[in-house]
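Let me begin by presenting the structure, written as structure tokens, before commenting on it.
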Amino acid sequence: MSKPTLEAKSPSPSRQASQRERTEALIAARTSELFERLWPLLGFSFDQDLTAVEVELQRWPGHAWSREMCDEVEALISELAAELVANHSGSVDLLRGRTFARSLQ
-14 MSKPTLEAKS
-4 PSPSRQASQR
6 ERTEALIAAR
16 TSELFERLWP
26 LLGFSFDQDL
36 TAVEVELQRW
46 PGHAWSREMC
56 DEVEALISEL
66 AAELVANHSG
76 SVDLLRGRTF
86 ARSLQ
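The sequence shown begins at -14 in the working numbering and counts up one residue at a time.
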């Protein structure tokens, strides 16, 4: 008598698309919150390791951001990535190599 085998079933394409849409919506909401919280943040990108790169802050003549401010912004971006990856497995591929920019409305 043979033993029954358990096969892992992959989600259907429609379920995968739905899950991806939910993850995209969550990423959009979280990045929007980040831009609202950090008014000088103009944009940032994630590299292949999900490290924040090319972080851009608003500049104006005679003003320079402190190292502490830059470190805080980078830490908050890193926390965003860590939260999304920990709670939503599909977010890794959606964040990797992606650029986010403040939208003017």
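Virtual Cβ for every residue (Gly too), placed ideally from N, Cα, C. In this text the structure is predicted, and so the values were computed from the model without any measurement.
DSSP-derived helix/strand/coil call for residue i
i, result
"residue 27", "strand"
"residue 49", "coil"
"residue 42", "strand"
Selected residue, minimal CA-CA separation from residue i, among the options
i, options, result
"residue 65", "33, 55, 24 and 80", "80"
"residue 11", "84, 75 and 34", "75"
"residue 22", "49, 42 and 30", "42"
"residue 34", "87, 89 and 83", "83"
"residue 48", "69, 25 and 60", "25"
"residue 63", "77, 46 and 50", "77"
"residue 120", "36, 6 and 18", "The chain is shown from -14 up to 90; residue 120 falls before or after that span and cannot be answered."
"residue 61", "2, 17 and -3", "17"
"residue 5", "69, 59 and 51", "69"
Terminal residues of the beta strand (DSSP E) in which residue i lies
i, result
"residue 11", "It is not in any beta strand (DSSP E) - residue 11 instead sits in the alpha helix (DSSP H) that spans -2 to 22."
"residue 84", "84 to 86"
Unbroken alpha helix (DSSP H) run spanning residue i, endpoints
i, result
"residue 78", "76 to 80"
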